[in-house]
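If you count by our numbering, then the sequence shown holds residues 1128 to 1315, one letter each, in order.
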Amino acid sequence: MKKDKLYLVIFLAIIFVSGAVIYRFQSSRPLPAGHPSISEEQSQFTVTLIKQISELKRQLEDDPDNYELLVRLGNNYYDLNSPGESIKYYEQALKLRPDSPEVIVDCGTMYREIGEVDRALKMFARAIELDPNLPQAYFNLGVVLLGEKNDPAGAAEIWQKFLDNNPGVNPELKNFFKEKISQAREKG
């Protein structure tokens, strides 16, 4: 295990130094037209996430069935836009607590990212079963219906269902869903 940690530290140091060198040379040359730039803040955020992941994995070695650590690892990989790793840790967390609607939604979002749309739909529907007040589940279900399934009527219907099931929702969220419903109906 100590050898693995040493390799991880060396790997992270190489990534960090490589990133600094690349940043230094790119900052002195203009980027090609249409090339997205990476801000120093984004770069620092990524480095912070990588450090957190390393520490969380170290903690997980001592406590492999720690639900909170697994979810945090899934979230960090989610933030790094690394769906495969994110799914891996979310699925492990869901084995420990299968009725965690927020984790189910996040995992479903990552399945959508890798093109497993039907699996994502099932996860969003399951999250709604567990928590009919969870706006993220309805929103994501509608997004997949609208985008990947080309079903604007289905998207509008699921978003309206959220509003019907949650009449006391705050006005900003209510207006957000009403706007989404309107956009879906325009496409239909």
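Quick reminder that beta carbons are idealized off the backbone N, C-alpha and C, glycines included.
A quick note: this is a predicted structure, and the numbers were derived from the prediction, not measured.
Checklist entry - Residues in its own chain within less than 8 Å of Ile1214 by CB, not counting five upstream and five downstream? => result On the sequence shown, residue 1214 is found 87 positions in, with the first residue counted as 1. Within the same chain, Ile1214 has close Cβ partners Gly1201, Cys1234, Met1237, Tyr1238 and Ile1241.
Checklist entry - With distances taken between CB atoms, is the gap from Pro1262 to Asn1292 smaller than 7 Å? => result Position 135 of the sequence shown holds residue 1262. Position 165 of the sequence shown holds residue 1292. Taking 7 Å as the Cβ cut-off, Pro1262 and Asn1292 do not qualify as a contacting pair.
Checklist entry - My guess is that Trp1286 and Ile1255 are in contact by the Cβ rule of under 8 Å, so how many angstroms apart are they, rounded? => result Here the question's residue 1286 lines up with position 159 in the sequence shown. Here the question's residue 1255 lines up with position 128 in the sequence shown. Beta-carbon to beta-carbon, Trp1286 and Ile1255 are separated by about 12 Å, too far to satisfy the 8 Å threshold.
Checklist entry - Excluding five sequence neighbours on each side, which residues of the same chain lie with their C-beta closer than 7 Å to the C-beta of Asp1192? => result Mapped onto the sequence shown, residue 1192 falls at position 65. Within the same chain, Asp1192 has close Cβ partners Leu1223.
Checklist entry - Going by other Cβ atoms of all chains shown within 10 Å of its Cβ, with 16 needed for buried, is Glu1306 buried or exposed? => result Reading the sequence shown from its first residue, position 179 is the one you call residue 1306. With fewer than 16 other Cβ atoms inside 10 Å of its own Cβ, Glu1306 counts as exposed.
Next on the checklist: I'd like the list of long-range same chain contacts for Lys1178, defined as Cβ closer than 6 Å, with 5 residues on each side in sequence excluded.
Outcome noted: On the sequence shown, position 51 is the one that residue 1178 refers to. If we look at Lys1178 and ignore the five residues flanking it on each side, it has no Cβ neighbours.
Next on the checklist: So the candidates are Val1296, Leu1197, Leu1272 and Leu1207; which of them puts its Cα closest to the Cα of Gly1315?
Outcome noted: Numbered from its first residue, the sequence shown carries residue 1315 at position 188. A check of alpha carbon separations from Gly1315 across Val1296, Leu1197, Leu1272 and Leu1207 identifies Leu1272 as the nearest.
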